[in-house]
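Working notes, structure below.
Number of protein chains: 2
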Amino acid sequence: MVYGLGIDGGGSKTVCLLIDDRYQVLGRGEAGPSNYQSIGLSAATMAIKNAISQAVSYHQPGICIGSLGLGLAGVGRPEDIEIVRELVRQIQSNEQLQINWNIAPENFFIGGDSLIALVGGLGHDVGIVAMAGTGSQVFGRNHHGKIKRVGGWGYILGDEGGGYDIAVRGLRAVMRSFDGRLPPTRLTQELLNELGLKSPERLIEAVYRRGLGVRDMAALSTIIDRVAAEGDPVAETIITDVAQELVLATQVAIADLFNSGDFCEIVTVGGIWRGWSNLRSEFITGINAIAPQAEIVWPRHEPALGAALLAMKLR
Amino acid sequence: MVYGLGIDGGGSKTVCLLIDDRYQVLGRGEAGPSNYQSIGLSAATMAIKNAISQAVSYHQPGICIGSLGLGLAGVGRPEDIEIVRELVRQIQSNEQLQINWNIAPENFFIGGDSLIALVGGLGHDVGIVAMAGTGSQVFGRNHHGKIKRVGGWGYILGDEGGGYDIAVRGLRAVMRSFDGRLPPTRLTQELLNELGLKSPERLIEAVYRRGLGVRDMAALSTIIDRVAAEGDPVAETIITDVAQELVLATQVAIADLFNSGDFCEIVTVGGIWRGWSNLRSEFITGINAIAPQAEIVWPRHEPALGAALLAMKLR
Chain Y
1 MVYGLGIDGG GSKTVCLLID DRYQVLGRGE AGPSNYQSIG LSAATMAIKN AISQAVSYHQ
61 PGICIGSLGL GLAGVGRPED IEIVRELVRQ IQSNEQLQIN WNIAPENFFI GGDSLIALVG
121 GLGHDVGIVA MAGTGSQVFG RNHHGKIKRV GGWGYILGDE GGGYDIAVRG LRAVMRSFDG
181 RLPPTRLTQE LLNELGLKSP ERLIEAVYRR GLGVRDMAAL STIIDRVAAE GDPVAETIIT
241 DVAQELVLAT QVAIADLFNS GDFCEIVTVG GIWRGWSNLR SEFITGINAI APQAEIVWPR
301 HEPALGAALL AMKLR
Chain A
1 MVYGLGIDGG GSKTVCLLID DRYQVLGRGE AGPSNYQSIG LSAATMAIKN AISQAVSYHQ
61 PGICIGSLGL GLAGVGRPED IEIVRELVRQ IQSNEQLQIN WNIAPENFFI GGDSLIALVG
121 GLGHDVGIVA MAGTGSQVFG RNHHGKIKRV GGWGYILGDE GGGYDIAVRG LRAVMRSFDG
181 RLPPTRLTQE LLNELGLKSP ERLIEAVYRR GLGVRDMAAL STIIDRVAAE GDPVAETIIT
241 DVAQELVLAT QVAIADLFNS GDFCEIVTVG GIWRGWSNLR SEFITGINAI APQAEIVWPR
301 HEPALGAALL AMKLR
């Protein structure tokens with residue numbers, strides 16, 4: 001019996017799935033982040049190795065792995081793929097893992113996080129994935145294999161609709177409300193409470209001097225989401241604005257990949273979609289208005305399964 | 001004869017003016033940045049000392065200084081003022097300067113950059129200053145001495161209409177145009193040329209990995225301004241949007257400080273106002289629509305003179 005591994009390596013965690021040739025999940029491992037461009041190659045290698053080790057620990061030693069799919073955030077250019085290939089070689093030469101590697105080149109997949117999210121989310125490789133976590137990106141693929149990316153340019157150049165973007169809009173709204181450019185908003189009290197601050201002016205120290213990181217900031221997006229769900233008009237406006245940003249990005253991807261009227265599935269991946277506010281329902285309303293044939297779905301599987309499928313289906 | 005010094009200490013340079021008791025400028029010195037919160041106290045002290053040394057070098061040694069005004073970006077809280085007071089004491093004890101210090105407490109002024117910009121810009125201390133350089137802030141003071149600040153929350157929390165904000169809007173527009181969310185724009189070619197990049201995708205490396213600083217980014221705003229002046233609709237929209245941001249901030253300050261219909265002067269300070277685009281004329285149109293009695297003027301003097309006046313007028 002030959003098995004496959006699918007790995008989803010992100011900025012907050014690494015997930016590895018062990019699957020059989022009927023795509024059944026037999027084991028699952030989770031480890032720390034593996035975005036090597038931020039944390040370095042050896043830490044990323046270690047995280048991926050740990051996730052694999054956990055995933056195969058459900059099985060007897062000496063398991064034969066015949067396919068490996070690995071999706072890593074930020075991996076797209078040929079030089080990135082070469083780096084990751086070398087990283088995998090190191091893991092394969094690690095004897096602690098007690099894995100019998102037997103992977104043909106066509107069963108070895110390395111790619112970015114978008115395609116594995118699409119394939120995991122839909123269970124197939126045609127459609128669109130609208131990802132909104134810390135950052136955001138819309139990615140699509142059509143029947144001819146043509147792909148289209150929209151957004152995903154990071155916290156300074158874009159990522160509209162991601163957690164960082166929502167949080168910055170929320171914090172800016174607090175400052176605008178404080179100096180009279182916006183009406184009072186419950187965001188002020190809720191965000192200050194969360195950060196343990198007494199006044200909006202203290203945000204300067206918290207953000208610039210204490211140095212709230214991108215991920216810390218993004219975590220604040222849940223508060224904007226909740227305050228919007230509770231009916232605060234300033235927070236609601238933020239949610240409506242970012243929903244429109246995500247609609248626009250998705251609309252561009254649909255127009256680029258599909259003929260008008262073609263059926264297509266759009267899967268919403270990432271924590272932002274699972275809030276209490278109207279973000280996702282406003283997104284659905286927006287998409288229905290411009291592409292009534294499109295169907296918006298929740299992810300069917302996690303991205304790591306997408307990575308495993310991408311490595312297996314070519315066998 | 002007793003003279004006064006006025007110092008404007010900012011993030012890019014420090015300016016010192018030597019004036020006589022009829023407010024005539026007798027000497028001027030310029031040195032490096034003196035925002036001690038970023039560059040450290042000793043570097044700031046050195047810059048201020050150098051600027052003073054240059055300003056008094058026009059005069060014979062042993063000059064008697066009877067008033068000192070010092071405006072530093074970011075100085076507002078009592079603890080900041082105490083730090084700057086100690087910094088000044090160190091400079092005063094420096095014998096190289098060959099200055100005879102004889103400053104009564106009421107002729108010693110320490111404050112932020114806004115009030116000195118207002119007083120320098122208008123030549124008096126009632127009105128509004130709309131500052132737009134790397135960052136932005138609107139600051140006003142009325143006849144009763146009441147002050148109002150709007151914006152100026154820094155590059156993450158605000159600074160709408162400052163150079164950094166304009167640059168980020170420009171770079172985001174390039175990415176949006178690249179992936180089809182905006183029409184083609186001349187900003188793409190002009191910004192890529194400036195940064196020596198071949199494609200918009202390369203901006204990721206330039207912005208995140210090479211680490212374009214806040215000030216480097218802000219410098220790109222001149223390109224957005226020029227492309228707008230040349231009629232590019234995407235750039236024009238950015239300029240219109242930030243002009244509206246500056247109008248809103250100014251409107252809030254006017255409403256807070258002046259009765260409807262009261263005459264007030266608004267001085268525009270900072271490099272952003274001196275571009276070729278319609279930014280300032282759109283600002284004037286916007287202010288005229290909401291406060292027809294307000295008059296928008298160019299700075300009459302530089303902020304360092306404001307600092308000198310603030311120290312002298314109380315004598």
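Chains as they are written, first to last, in the UniProt record's numbering: chain Y, 1 to 315; chain A, 1 to 315. Just so you know, even glycine gets a beta-carbon here, dropped at the ideal spot from N, CA and C.
Anything in chain A within Cβ reach of arginine 172 of chain Y, meaning under 9 Å, just list it in chain order. Trp153, Ile156, Leu157, Gly158 and Glu160
Under 7 Å, CB to CB, which of the residues in the stretch 175 to 186 of chain Y have a partner in chain A? Met175, Asp179, Gly180 and Arg181
Cut-off 7 Å between Cβ atoms - residues of its own chain near aspartate 256 of chain Y, not counting five sequence neighbours on either side: Lys148
I'd like to know if leucine 257 of chain Y contacts chain B, where contact means its C-beta is closer than 8 Å to some C-beta of that chain. In the structure shown, chain B cannot be found, because the protein chains are Y and A.
Identify, in the order they occur along the chain, each residue of the same chain with its Cβ nearer than 6 Å to the Cβ of glycine 140 of chain A, setting aside the five sequence neighbours on each side. Ile128, Lys148, Ala253 and Leu257
Classify glutamine 60 of chain Y as buried or exposed, calling it buried when 16 or more other Cβ atoms lie within 10 Å of its own Cβ. exposed
For the stretch 14 to 28 of chain Y, list every residue whose C-beta sits within 7 Å of some C-beta in chain A, in sequence order. none
Tell me which residues of the stretch 118 to 151 of chain A have at least one Cβ-Cβ distance to chain Y shorter than 7 Å, keeping chain order. Arg149, Val150 and Gly151
Neighbour flag for alanine 249 of chain A against chain Y, beta carbons, 8 Å: yes
Pairwise C-alpha distance: leucine 115 of chain A and aspartate 80 of chain A: 16 Å
Would you report the Cα separation of isoleucine 48 of chain Y and glycine 133 of chain Y, rounded to the nearest angstrom? 21 Å
Other residues of its chain near alanine 294 of chain Y: CB distance less than 7 Å, five sequence neighbours each side excluded: Ile254, Cys264, Ile266 and Ile287
For threonine 185 of chain Y, does the three-state DSSP call read helix, strand or coil? coil
Determine the extent of the alpha helix (DSSP H) in which arginine 172 of chain A is found, giving its start and end residues. 163 to 179
Is the separation between the beta-carbon of leucine 157 of chain Y and that of leucine 171 of chain Y shorter than 8 Å? no
Report the residue from A/Ile224, A/Asn259 and A/Asp216 whose alpha carbon sits nearest the alpha carbon of tryptophan 276 of chain A. A/Ile224
Can you say whether tryptophan 298 of chain A is buried or exposed, counting buried as having 16 or more other CB atoms within 10 angstroms of its CB? exposed
Under a CB-based cut-off of 8 Å, is leucine 197 of chain Y close to chain A? no
So, with DSSP's three-state summary, where would you put tryptophan 101 of chain A? strand
For valine 241 of chain Y, I'd like the list of residues in its chain whose CB is within less than 8 Å of its CB, leaving aside the five on either flank, ordered along the chain. In the sequence as displayed, the identity of residue 241 of chain Y is aspartate instead of valine. The residues are Arg169.
Members of the stretch 207 to 233 of chain A near chain Y, C-beta cut-off 9 Å: Val207, Tyr208, Arg209, Leu212 and Met217
Using the Cβ count rule (16 or more neighbours within 10 Å means buried), how would you classify threonine 188 of chain Y? buried
Between serine 12 of chain Y and chain A, is there a C-beta pair that is closer than 8 Å? no
Determine the closest residue to isoleucine 65 of chain Y out of Y/Ala55, Y/Leu72 and Y/Glu282, with distance taken between C-alpha atoms. Y/Ala55
Status (buried if at least 16 other CB within 10 Å, exposed otherwise) for glutamate 82 of chain A: exposed
Whose C-beta lies closer than 6 Å to the C-beta of asparagine 50 of chain Y among residues of the same chain, with five residues either side of it excluded? Ala31
Start-to-end residues for the alpha helix (DSSP H) that takes in glycine 154 of chain Y: 154 to 157
In chain A, which residues lie less than 8 Å from isoleucine 204 of chain Y when you measure between Cβ atoms? Trp153, Gly154 and Leu157
Do the CB positions of glutamate 106 of chain Y and glutamate 160 of chain Y come within less than 8 Å of each other? no
Going along the chain, which residues of the stretch 53 to 85 of chain Y sit with their C-beta nearer than 7 Å to a C-beta in chain A? none
How big is the Cα-Cα spacing for valine 15 of chain Y and asparagine 35 of chain Y? 12 Å
Can you look up valine 150 of chain A in the DSSP assignment and give me helix, strand or coil? strand
In the structure shown, what three-state DSSP assignment does alanine 55 of chain Y receive? helix
Quick one: Cα of aspartate 125 of chain A to Cα of asparagine 193 of chain A, how far? 44 Å
Buried versus exposed, by CB contacts within 10 Å (16 or more), tyrosine 58 of chain A: exposed
Using a cut-off of 9 Å between C-beta atoms, extract the partners of valine 2 of chain Y located in chain A. Near valine 2 of chain Y there are no residues of chain A at all, since even the closest Cβ is about 38 Å away, more than 9 Å.
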